[in-house]
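So the sequence shown is numbered by the working numbering: it starts at 65 and just counts up by one. For every residue, glycine included, the Cβ atom is placed at its ideal position computed from N, Cα and C.
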Amino acid sequence: MNKLPSMRLAGLLWLACACTGAALAQPLTYAPPSVAVIEDAPPAVRKLLQEASALESEPESANTTDKLWQAAVRYCQASRWGSAEGQYRLGMLYAFGQGVPANQAFAASLFSLAAALGHAQAHQMLDTIQITSSALPACVNQNQPPEKAPPPPNFFHDLPHDLHPGTGLSIEKYLLTLPSNKRWLIPLTTTMSKWYALDPKLVLSMIAVESNFNTSAQSPKEAMGLMQLIPDTAERFNVRNAFDATQNLRGGMRYLRWLLSYYRGNITYAAAAYNAGEGRVDRYKGVPPFPETRAYVKRVLGLYGSARHSFDANLTGASPWLAAGGR
65 MNKLPSMRLA GLLWLACACT GAALAQPLTY APPSVAVIED APPAVRKLLQ
115 EASALESEPE SANTTDKLWQ AAVRYCQASR WGSAEGQYRL GMLYAFGQGV
165 PANQAFAASL FSLAAALGHA QAHQMLDTIQ ITSSALPACV NQNQPPEKAP
215 PPPNFFHDLP HDLHPGTGLS IEKYLLTLPS NKRWLIPLTT TMSKWYALDP
265 KLVLSMIAVE SNFNTSAQSP KEAMGLMQLI PDTAERFNVR NAFDATQNLR
315 GGMRYLRWLL SYYRGNITYA AAAYNAGEGR VDRYKGVPPF PETRAYVKRV
365 LGLYGSARHS FDANLTGASP WLAAGGR
């Protein structure tokens with residue numbers, strides 16, 4: 065499989081969600097604050113949350129970035145006034161670069177503030193983002209607007225000829241076929257993959273095989289969501305709602321990262337274990353002789369185009385049979 069330069073790969077990942085050239089599409093925004101949350105806020109904060117929520121809920125358009133920035137302005141003010149909901153919402157915008165430039169440190173600090181005030185979703189996002197920080201955007205400490213995110217390029221108009229479908233670029237070609245209502249998952253996955261030191265192409269390949277980018281997918285074996293987490297795996301990685309895209313990706317990526325460490329970067333074994341469990345891979349000292357697992361591994365490797373991935377050797381010890389000189 066041909067390898068794309070990183071800049072072109074990034075462009076293609078953005079391409080699939082850039083139908084109008086807007087930034088991260090509307091579905092990437094999260095459920096608006098509940099009526100109870102808004103009604104419980106002081107009147108001035110309530111007005112800010114209502115206005116910001118309305119801006120986030122507007123349909124995607126060419127000026128989506130500007131509307132999300134206007135929402136960020138209001139969340140900044142609500143954050144200055146001590147609103148946990150405002151801090152959480154502003155953190156989400158910084159985490160995924162919506163309306164404001166992506167800044168993981170700002171997001172982590174805002175989630176910490178909100179979590180300290182008892183905001184459960186902020187606590188979950190702290191677990192997801194996996195860093196600690198005390199850095200805050202200036203708009204939270206003083207009355208000034210946040211920096212605005214630059215408008216994204218429109219790759220539908222400026223796409224290099226060798227990135228068009230039909231060039232043998234497996235996962236890239238697959239992404240170009242996704243319907244518009246699923247494309248929001250590409251930048252979400254791409255951003256979170258970097259948090260866990262994973263190649264977005266590998267994670268996207270696994271999602272394609274696991275659920276075809278269906279957040280509500282459920283198998284007869286009770287595997288749930290995008291990365292098809294079984295209940296035991298969801299519990300192992302502290303996923304409370306496996307049908308929530310962010311939580312599901314967090315659990316799936318943590319498990320995949322662990323498996324890559326356990327199998328020392330061997331994607332064949334890691335993918336087999338993701339499907340059948342590491343116990344079975346260890347028992348058979350390789351891909352188990354199950355048709356479903358073998359087909360799964362073949363599809364993932366076919367989309368991704370490589371059998372190796374970097375890994376963190378400090379995360380866990382190697383599989384015993386590999387450490388003993390296995391294949």
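Query                                                                                                                        : Result
Rounded straight-line distance, which links the Cα of Tyr360 to that of Leu240                                               : 22 Å
Spatial distance of Arg300 from Gln208 (CA atoms)                                                                            : 42 Å
Chain-order list of residues whose beta-carbon lies under 6 Å from that of Asn167 (same chain, five-residue window excluded) : Tyr158
beta-carbon Ala179 near the ligand GTP non-hydrogen atom, thresh 6 Å                                                         : Among the ligands in the structure shown, none appear at all, so the ligand GTP cannot be discussed.
Own chain residues within Cβ distance below 8 Å of Trp322, not counting five before or after                                 : Leu379 and Thr380
The segment 192-203 in contact with the segment 167-176 per 3-pair CB rule at 8 Å                                            : yes
Which listed residue (Glu274, Lys258 and Met256) has its alpha carbon closest to that of Glu356                              : Glu274
Every unbroken alpha helix (DSSP H) within the segment 294-347, with a cutoff of 4 residues, ordered by chain                : 295-300, 309-326 and 331-340
Cβ-Cβ distance between Ile294 and Ser269 below 7 Å                                                                           : no
Ala148 beta carbon less than 7 Å from that of Ala178                                                                         : yes
Between the CA atoms of Tyr327 and Pro123 - distance to the nearest angstrom                                                 : 44 Å
Delimiting residues of the alpha helix (DSSP H) encompassing Pro209                                                          : Taken as a continuous stretch (DSSP letters only), Pro209 belongs to no alpha helix (DSSP H), as it is neither H nor E.
Residue from Gly366, Leu324 and Trp259 whose Cα sits closest to the Cα of Leu386                                             : Leu324
Distance between Glu115 and Thr255 (C-alpha atoms, nearest Å)                                                                : 27 Å
Environment of Asp376 [buried if 16+ CB atoms lie within 10 Å]                                                               : exposed
Inter-residue Cα distance where the pair is Lys131 and Lys212                                                                : 10 Å
Same chain, Cβ closer than 6 Å to Phe175, neighbours up to 5 away in sequence not counted                                    : Gly155, Ala186, Met189 and Leu190
Segments of 4+ residues assigned as alpha helix (DSSP H) that fall wholly inside the segment 156-191                         : 168-180
Contacting residues, own chain, Cβ-Cβ under 7 Å from Ala309 (five flanking each side not counted)                            : Leu249, Leu252, Thr279 and Leu290
First and last residue of the uninterrupted alpha helix (DSSP H) at Ser139                                                   : Correcting the residue type first, residue 139 is Tyr in the shown sequence and not Ser. That run of the alpha helix (DSSP H) goes Thr128 to Arg144.
Residue from Gly366, Gly341, Tyr260 and Gly163 whose Cα sits closest to the Cα of Asp296                                     : Gly341
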